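Numbering (the UniProt record's numbering), first residue to last: 1 to 267. The beta carbon of each residue, even a glycine, is placed where N, CA and C say it ideally should be. For clarity, every value in this text was computed on a predicted model and none was experimentally measured.
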Amino acid sequence: MLPAGLFADRSIRLLFIMSLLAGAIMFTLLFYLPLLLQGSYGYSPKDAGLLLTPLALSITLGAIVNSRIVTRIANPNRLPVAGFAALSVACTALALVGLHAGFSTLLGLILLAGLGLGFILLNLTVFTQTLAERQFLGIATALTQSLRLVGGLLGTAAMGVLVKLLYVTNLQSALNAAGQASALPRLADPQVLLQHTPANVDAALLIARTALAQAVGTGLLTCAGLGVLALLVLHRLPRVELHRVPGATTPATDSCVTPAPEKQKET
């Protein structure tokens, strides 16, 4: 059982909500960007991997940059604000950029999303460690990480239902309009699009790719909406005061910033 006192602090509750939202967005990107890149854009698994690998690298880079500046600015809350804003912009752009977007454009947007996540994930942990009462510090930190995973589980499940429903609906409508309704059974599963190369693409397959792009794009716009919701939640969070440990360097880890130590009582 989680202690009731852990949830007494309104700021801690807000941080937990943001962890859920951040996890939902992050895992949705990790699971469904490969489907979008291969199924809609027609990239090979190798090229899709080249586009997605920088996502993890930019998350790390964002965390490193964040850890260097978080104690040097007057209001640390601005960093996760920048992170959620960048993440929302990246999700919106990925949804609207269209199938004619080039490799460099997609790479830039994926890098932007990763940097945004780097500015979010570290700060949520640090803020939780700073604001939680000392007796709840371990539980609060672990719960922040767990809620991120729970958010990812719920987000990917909801995204799967949404993408499947919209894909079939859009595909059926487009195929009927093009007079190729007979192709619906073989294209009803979006995973089929991963098995085709540019050399064997027919008109029905192009319609299916467009339908998938529209479905995943709607999911990405939903992720952008979750990012905006997180910004609204973050706006209600009071400014977090961070203190550097005297004589310590600032590593790029979740423990890079800690609350100021309590003074010992004189005997």
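query, result
"Whole angstroms is fine: what's the gap from A56's alpha carbon to L115's?", "9 Å"
"Helix, strand or coil for N170 per DSSP?", "helix"
"Return yes when at least one heavy atom of the ligand SAM lies under 6 Å from the C-beta of G118, else no.", "Of ligands this structure carries none, so the ligand SAM is not represented either."
"Taking the alpha-carbon positions, what's the T141 to L193 distance?", "41 Å"
"May I ask you to report which of helix, strand or coil DSSP gives T71?", "coil"
"So, at 8 Å on beta carbons, what are the nonlocal neighbours of L15 in its own chain, with the 5 sequence-adjacent residues on each side left out?", "L124, F127, T128, L131, T144 and L237"
"Does the structure place the segment 64-77 close enough to the segment 94-105 that three or more beta carbon pairs sit under 8 Å?", "no"
"Buried or exposed: which applies to G118, given that a residue is buried once 16 or more other Cβ atoms fall within 10 Å of its Cβ?", "buried"
"Comparing C-alpha positions only, which one of L205, L106 and V216 sits nearest to V163?", "V216"
"What did DSSP end up calling A188 once you bin it into helix, strand or coil?", "coil"
"Contact check, I207 vs A174 under 8 Å by CB: the rounded distance?", "5 Å"
"Could you pull out every residue in the same chain whose Cβ sits closer than 7 Å to the Cβ of S88, ignoring the five residues on either side in sequence?", "A224, G227 and V228"
"Going by C-alpha to C-alpha distance, which of F31, A177 and V168 sits closest to P185?", "V168"
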